[in-house]
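Asks:
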Amino acid sequence: MAGYGYQQPYGASAPGAPGYAPPGGAYQVPPAQPAYGVQPGYAHPGYAQPQPGFAPQPGFGYGAPAAPASGTYQVPPAAAPAPYQPPGGLAVVPGSGAPPPAAYSAPAKVPVAVKAPEPVVYTPDDQSTGHPTCTPAADFDAERDATAINDAFTMSGGLRTVINILAYRSTPQRVEIRSMYKTMYGRDLLTTIDENSTRNTQRVLQAMCRESDERDAHVIMKAFKGRGYEPDVILYILISRGSDELKAVKARYKKMFDIELEDHIKKECSGPFMKLLIGLAQANRCDWNTPVKVDKCKRDAEALYKAGEGQWGTETSEFRRILNLRSVPQLRCIFDQYSKISTHTIEESCKREMKGDLLKAVKKIIRFAQDPYKFYAREIYKSMKGLGTDDRKLVHLIVDRCEIDMVEIKKIFEKEHKATMASWIKSDTSFEYKECLLALIRES
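Heads up: the sequence shown is residues 7 to 450, going by this note's numbering.
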């Protein structure tokens with residue numbers, strides 16, 4: 007057509023195109039096409055490199071670099087990330103790449119209480135940790151006191167003077183007064199007291215003037231001479247005295263009454279209870295300060311369990327062996343270990359397995375070992391509880407403990423029974439007897 011130059015017929019190849027037949031009919035092989043690189047105008051940020059596992063195809067560039075000469079495709083290394091720039095001027099923690107939170111800090115570690123392992127061996131606390139109410143007089147003069155006591159007995163109402171002297175002296179000082187009195191006046195002070203006072207006042211004043219082992223021996227003999235026998239007082243002495251103290255009591259008993267304590271026990275008692283008392287009277291108990299070996303206490307606890315709960319019937323010989331030989335701190339450890347292997351305490355188990363005087367005796371040993379102060383407070387309370395008063399027991403306990411640990415016993419008494427010991431003494435005793443007991447515990 008005019009004005010439009012050469013017009014290619016429909017379906018014919020363009021000149022110079024592949025397969026185009028040049029004039030003359032000779033065909034030429036088209037030249038090889040160069041590999042397609044990035045096409046101008048077709049690169050896209052999302053297609054900077056091919057997807058993993060797909061090599062670039064010849065003629066199809068996705069913005070990727072051309073294939074290497076070897077023909078194998080290699081993924082270019084990733085660019086290093088730009089360093090973190092914290093907002094607000096916060097400092098970057100070295101090595102973290104990010105700042106710490108602005109208002110957050112790691113909580114402090116709370117220390118976890120770790121239970122200390124149970125010691126294998128330990129030494130018990132000193133036995134003499136109590137506080138007495140009755141202490142030695144600082145300006146003591148035995149001759150002066152003996153004279154004042156003798157003069158007081160010749161006057162009306164002089165018994166209060168005697169109480170005010172003896173209640174404020176220690177046992178060794180009273181024993182010295184008694185000796186001085188006999189030297190000066192030719193008679194025993196106990197006889198003078200007996201002639202010038204009522205029964206209970208006489209009982210407490212005479213107890214105060216006896217030596218400790220003499221007092222114990224006298225109380226045991228009186229207990230045997232009662233109606234039948236009074237096991238409470240006998241047990242109290244046998245379980246609370248150390249081996250040396252108990253040996254001194256036995257020697258004094260033989261000297262005063264011309265009979266061995268063991269023989270008197272056999273005469274008055276019987277059965278398992280008698281065997282327990284005889285065992286205690288041998289004075290072979292370990293000393294209070296003997297080290298406590300926990301492993302040995304565990305074995306003793308297991309032996310008690312097997313002899314009681316662990317079988318039909320009760321093997322009392324095993325109980326006697328342990329109760330008569332082990333020290334008070336060792337028994338306390340044994341009873342604690344027993345509670346770990348049994349669903350019952352040692353006292354509950356004994357109530358299930360024993361009865362009569364044997365049960366009473368074992369319960370006293372258990373309670374004394376677990377808490378001596380509480381034991382004494384309980385015994386003093388029981389001596390006044392109910393109708394009448396067990397005066398012999400009350401006198402012996404107060405005279406004995408007022409020079410050892412009465413301060414602690416009074417506190418436990420008030421805590422356990424919601425009333426002071428003094429209030430109970432005032433309601434259960436009277437006259438000079440009451441005044442003497444109150445003076446010994448330093449109450450009015």
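Yeah, the Cβ is synthetic: ideal placement off N, Cα and C, and Gly gets one too.
Can you tell me the Cβ-Cβ gap for Val405 and Met214, rounded? I've got them flagged as a contact below 8 Å.
Replies: 6 Å
Asks: Taking contact to mean 3 or more Cβ pairs, one atom from each stretch, closer than 8 Å, check whether the segment 426-441 and the segment 385-402 are in contact.
Replies: yes
Asks: Could you tell me which whole alpha helix (DSSP H) segments of length 4 or greater appear in the segment 376-418?
Replies: 378-390 and 397-407
Asks: Reducing DSSP to helix, strand and coil, say where Val126 ends up.
Replies: coil
Asks: Using the rule of at least 16 other Cβ atoms within 10 Å of the residue's Cβ for burial, across every protein chain shown, is Asn290 buried or exposed?
Replies: exposed
Asks: Glu353 by DSSP, collapsed to three states: which one?
Replies: helix
Asks: Measuring CA to CA, which of Arg326, Ala143 and Ala173 is closest to Ala313?
Replies: Arg326
Asks: Residues in its own chain within less than 6 Å of Gly47 by CB, not counting five upstream and five downstream?
Replies: Confidence at Gly47 is low in this model, with a pLDDT of 48, below 50, so its placement is unreliable and the value that follows should be read with caution. Closer than 6 Å at the Cβ level, and outside the excluded window around Gly47, lies no residue.
Asks: Looking at the secondary structure, which residues open and close the alpha helix (DSSP H) in which Tyr311 lies?
Replies: Val300 to Ala313
Asks: For Ala425 and Arg221, I'd like the C-alpha separation in whole angstroms.
Replies: 29 Å
Asks: Mind checking whether Ile464 and Cys303 have CB atoms under 8 Å apart?
Replies: Given that the chain is displayed from residue 7 to residue 450, the structure contains no residue 464 and the question cannot be resolved.
Asks: Near Pro142, which residues of its chain fall below 8 Å by C-beta distance, leaving aside the five closest residues on each side in sequence?
Replies: Cβ contact annotation for Pro142 (same chain, cutoff 8 Å, sequence separation greater than five): Arg175, Ser176, Pro178 and Gln179, in chain order.
Asks: Starting from Glu220 and walking both ways along the alpha helix (DSSP H), at which residues does that stretch end?
Replies: Ser218 to Phe230
Asks: Which residue wins for smallest C-alpha separation from Glu414, given the options Leu393, Lys432, His402 and Phe381?
Replies: Phe381
Asks: Where does Asn295 fall in DSSP's three states?
Replies: coil
Asks: What do you get for Thr435, buried or exposed, if any count of 16 or more other CB atoms within 10 angstroms of its CB means buried?
Replies: buried
Asks: Give the DSSP-derived three-state secondary structure of Ser436 in the structure shown.
Replies: DSSP places Ser436 in coil when its eight states are reduced to three.
Asks: Return the CA-CA distance between Ile430 and Leu443, expressed in angstroms with no decimal places.
Replies: For the sequence presented, residue 430 should be read as Trp rather than Ile. About 11 Å.
Asks: Measuring alpha carbon to alpha carbon, tell me which of Ala158, Thr296 and Leu211 ends up nearest Arg445.
Replies: The sequence given here places Ala at residue 445; Arg does not occur at that position. Measuring from the Cα of Ala445, the nearest candidate turns out to be Leu211.
Asks: Decide if Ser355 is buried, meaning its Cβ has at least 16 other Cβ atoms within 10 Å, or exposed.
Replies: Buried: at least 16 other Cβ atoms inside 10 Å.
Asks: Whose C-beta lies closer than 7 Å to the C-beta of His402 among residues of the same chain, with five residues either side of it excluded?
Replies: Ala213, Val225 and Val239
Asks: From what residue to what residue does the alpha helix (DSSP H) around Ala289 run?
Replies: Element bounds for Ala289: n/a, residue is neither H nor E.
Asks: Below 6 Å CB to CB, which residues in the same chain sit around Met190 once its five sequence neighbours on both sides are set aside?
Replies: Ala152
Asks: Label Thr139 either buried or exposed according to how many other C-beta atoms from any shown protein chain fall within 10 Å of its C-beta, with 16 as the threshold for buried.
Replies: Looking at its Cβ environment, which holds 16 or more other Cβ atoms inside 10 Å, Thr139 is buried.
Asks: By Cβ distance, which residues of its chain are closer than 7 Å to Gly52, with the 5 residues on each side in sequence left out?
Replies: Model confidence at Gly52 stands at a pLDDT of 49, short of 50, so the residue's coordinates are unreliable and nothing is read from them.
Asks: With distances taken Cα to Cα, identify the nearest neighbour of Ala383 among Thr296, Cys408, Lys366 and Gly362.
Replies: Cys408
Asks: Under 8 Å Cβ to Cβ from Asn330, same chain only, skipping five residues before and after it: list those, please.
Replies: Leu282, Gly285, Leu286, Gln288, Asn290 and Arg291
Asks: Around the Cβ of Leu364, are there at least 16 other Cβ atoms within 10 angstroms (buried) or fewer (exposed)?
Replies: buried
Asks: Distance, Cα to Cα, His137 vs Lys417?
Replies: 11 Å
Asks: Can you tell me which of the three DSSP states Pro237 falls into?
Replies: helix
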